[in-house]
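In UniProt numbering, the protein residues as written are 1 to 302. Every residue gets a Cβ at the ideal spot worked out from N, C-alpha and C, and that includes glycine. Owing to the predicted nature of the structure, the values given are computational and were not obtained by experimental measurement.
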Amino acid sequence: MNKYRQPVTVLPVPFHFGASRPGASGGPEAVLQAGLPEKLQLLNQSYSILPWKETAESAIERRTLERLRNWGRVLAMSEALAHSVHAAMENETFPLTIGGDHSIAIGTIAGITERIQQLGVVWIDAHADMNTPETSLTGNIHGMALAASLGLGDSRFTDLLGRSPKLQAKRVVLVGVRELDEGEKRNIYETGITCFTMHDIDRIGMGRVMEKAIAIASYGSEGVHVSFDIDSVDPGEAPGTGTPVRGGLNYREAHLAMEMLFDCGMVTSADIVEVNPLLDTNGRTARLAVELIGSLLGERIL
């Protein structure tokens with residue numbers, strides 16, 4: 001039975017403090033304006049959009065470290081988002097978080113795993129986001145999001161909502177990776193998570209990669225979370241993102257990934273992140289994000 005007939009709770013998260021470049025905070029509004037509500041209506045999908053509640057400014061929110069930039073702001077956002085996502089799960093809805101930079105996934109996954117502890121994850125990204133404060137070259141927390149969810153890094157993030165790790169490495173799959181720091185490579189090998197790079201996609205094709213990724217993420221799991229960074233798509237198709245890397249997924253490869261995830265019937269939540277309208281060209285990237293969400297929720301050519 002496919003679980004997408006659940007109502008969708010859209011959680012826009014206008015946040016950019018996990019990244020170096022500003023602008024991703026405008027991503028949720030850009031995606032909404034690009035037609036997300038209309039797309040959901042076209043799919044006859046019941047949905048609600050929850051307004052983001054800004055946390056009250058406090059001294060702790062402004063705290064920062066060279067190797068953990070803006071950690072206070074990221075922590076406050078993550079805690080608030082985790083509670084909102086958990087509430088959406090408790091209400092038997094499908095949480096769809098719209099970023100914002102990829103640090104929002106820390107809160108998303110923390111909230112989901114309060115309800116689904118045996119969670120599989122398909123993380124589609126040009127980057128692995130497997131840094132820790134010790135390995136990061138920038139100190140940007142959006143590059144630490146997956147590592148934190150696996151229990152690596154600063155305890156303020158690994159222990160969010162009181163449980164660490166949130167994920168088991170055997171159910172975590174990276175897809176589309178093409179830019180890795182040396183420390184991330186070590187963390188990937190040491191944790192044992194599965195990583196399909198663009199080389200793998202070139203060699204065996206997107207369809208076969210997604211078959212393998214879905215099988216790994218869903219094996220023994222109670223649900224699968226999809227974390228889609230728009231920079232996984234080649235910047236020729238998705239220019240509006242803060243960390244573009246040439247040689248990414250083409251338009252149809254990205255849609256095929258989302259279509260196959262829908263078909264597997266195991267996806268219980270998703271986030272789509274790193275749309276930056278300040279860097280976009282005529283809204284192309286925001287429209288692509290809407291189209292990809294449509295494919296993830298069951299839209300088909302025929």
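Closest by C-alpha distance to residue i, when choosing among the options
i, options, result
"L174", "L42, Q118, E61 and S232", "S232"
"residue 341", "I60, E114, A34 and G26", "One cannot answer for residue 341 here, as it falls past the ends of the chain, which runs 1 to 302."
"S227", "M206, M258 and I301", "M258"
"Q118", "L288, V267, E291 and L296", "V267"
"P133", "R186, L65, R178 and V122", "L65"
"L40", "L302, A88 and L297", "L297"
"T108", "H225, R163, W71 and Y251", "H225"
"E299", "S269, A289 and F262", "F262"
"E57", "G162, L75, S269 and G223", "L75"
"E190", "F94, I216, A270 and M130", "M130"
"A286", "L11, R252, G26 and S20", "G26"
"Y251", "T135, L288 and S218", "L288"
"E222", "N91, M89, P37 and I116", "I116"
"I193", "I204, K212, D202 and R203", "K212"
Short Cβ contact (8 Å threshold) for residue i with residue j
i, j, result
"H142", "G18", "yes"
"I124", "G176", "yes"
"S84", "G111", "yes"
"R69", "E61", "no"
"T241", "N276", "yes"
"L292", "I272", "yes"
"H86", "E54", "no"
"P14", "S269", "no"
"M206", "G247", "no"
"L137", "D200", "no"
"I214", "C264", "yes"
"F139", "R67", "Note that residue 139 corresponds to Gly in the displayed sequence, not to Phe. Yes, the Cβ-Cβ distance between G139 and R67 is below 8 Å."
"E184", "T243", "no"
Expected contact under 8 Å - CB spacing of residue i and residue j to nearest Å
i, j, result
"G99", "E274", "6 Å"
"D229", "A126", "7 Å"
"L256", "M210", "7 Å"
"V245", "E179", "5 Å"
"R63", "W52", "The pair is not a contact, with the Cβ atoms about 21 Å apart (cut-off 8 Å)."
"L50", "L11", "5 Å"
According to DSSP, residues forming a beta bridge with residue i
i, result
"Y47", "V8"
"F94", "V8"
"D271", "T97 and S227"
"G120", "V224"
"L249", "V233"
"C264", "Looking at the DSSP assignment, C264 forms no beta bridge with any residue, so it has no partner."
"L174", "W123 and C195"
"V290", "According to DSSP, V290 bridges with nothing at all."
"V13", "G99"
"L42", "L42 pairs with nothing; no bridge assigned."
"L152", "None; L152 has no bridge partner."
"residue 303", "Coverage of the chain is limited to positions 1 through 302, which leaves residue 303 absent and any answer about it impossible."
Next item on the list: Could you tell me whether the region 270-281 touches the region 29-37, where touching means 3 or more Cβ pairs closer than 8 Å?
Entry: yes
Item checked: Sufficient close CB pairs (3 or more, under 8 Å) joining the region 36-56 to the region 5-22 -> By the C-beta criterion, the region 36-56 is judged to be in contact with the region 5-22, since at least 3 inter-stretch pairs fall below 8 Å.
Check: How do the region 234-254 and the region 67-86 stand: do at least 3 beta-carbon pairs fall below 8 Å, yes or no?
Finding: Not touching, per the Cβ criterion.
Next item on the list: State whether the region 143-151 contacts the region 88-107, with contact taken as three or more CB pairs (one from each stretch) at a distance under 8 Å.
Entry: yes
Item checked: the region 164-171 touching the region 87-99, judged by at least three CB pairs closer than 8 Å -> no
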